[in-house]
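Visitor: Residue numbers (our numbering), protein chains in the order written: chain A, 1 to 113; chain B, 1001 to 1110.
Quick one: structure below, then a few questions.
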């Protein structure tokens, strides 16, 4: 997943704890997305950003927050972890022009106990 | 009914077979993506289509905008093609957002 760094790869949280999933890119892409993937389900959009300083809610934003202070970074914050947030999280990028392909981070497997 | 439907959900083939995975959608779109998710979980982009047909190696993707349908074909399938194949559409009315199908699990046996 050249150009996209997503951390951590694995994390176990207790109910009520908070954490931040980091997503950093060096591809200078405008569009960044956070998805969650539950077993047997399609990717669901949590939040997205079309550029620095601009973020918007996706399909399942409750329990999450994001910020986009720079083009490179798009962190996803869980404030009060709940078991329903146990999932695999993917950060993704899209240039918005040219070939316009999607580039995904390696994924973060989060378990809330 | 999901806006993006893939068929089949599961597909088992023998090495060398020609494989077709289908994606139907119910909304107007500006682009459609085919993705591959490996058993280890990583997701890679295979194609982005807005019309016609694209080919890369043994993979061919086609789209029929009028019929709201796309197909992904794999020629001379190989066990390393075993993965989940995911279709995603970018709606005309929400240009930044993507809607995903639930994926097709492909297993190619030697």
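Note that beta-carbon positions come from the ideal geometry of N, C-alpha and C, so glycine has one too.
Being a predicted model, the structure only gives us computed values, none of them experimental.
For a contact defined as C-beta to C-beta under 7 Å, what are the partners of residue 1033/B on chain A?
Guide: One-based indexing of the second chain puts residue 1033/B at position 33. Chain A residues near residue 1033/B: 102.
Visitor: With DSSP collapsed to three states, give me the class of residue 1080/B.
Guide: Position 80 of the second chain holds residue 1080/B. In this structure, residue 1080/B counts as helix in the three-state DSSP scheme.
Visitor: Excluding sequence positions up to five away, which residues of its chain have a Cβ less than 8 Å from the Cβ of residue 1/A?
Guide: One-based indexing of the first chain puts residue 1/A at position 1. Bear in mind that the predicted position of residue 1/A carries a pLDDT of just 48, short of 50, making it unreliable; the figure below should be weighed with that in mind. Same-chain partners within the cutoff: 103, 104, 105 and 106.
Visitor: Is residue 1049/B near residue 1076/B, with beta carbons less than 8 Å apart?
Guide: For this step, residue 1049/B is matched to residue 49 along the second chain. For this step, residue 1076/B is matched to residue 76 along the second chain. No, the pair does not count as a contact, with Cβ atoms beyond the cut-off.
Visitor: Please name the residue or residues paired with residue 12/A in a DSSP beta bridge.
Guide: Residue numbering aside, residue 12/A sits at position 12 when the first chain is read from its first letter. 111/A, per the DSSP bridge assignment.
Visitor: To which residues of the same chain is residue 1013/B closer than 6 Å at the C-beta, ignoring the five residues directly before and after it?
Guide: The residue labelled residue 1013/B in the question sits at position 13 within the second chain. Within the same chain, residue 1013/B has close Cβ partners 1019, 1077 and 1108.
Visitor: Going straight from the alpha carbon of residue 6/A to that of residue 1052/B, what length do you get?
Guide: As a working mapping, residue 6/A is identified with position 6 in the first chain. As a working mapping, residue 1052/B is identified with position 52 in the second chain. Straight-line Cα distance between these residues: approximately 34 Å.
Visitor: Which residues does DSSP list as the beta-bridge partners of residue 1035/B?
Guide: Here residue 1035/B refers to the residue found at position 35 of the second chain. Note: residue 1035/B sits in a beta bridge opposite 1045/B and 1086/B.
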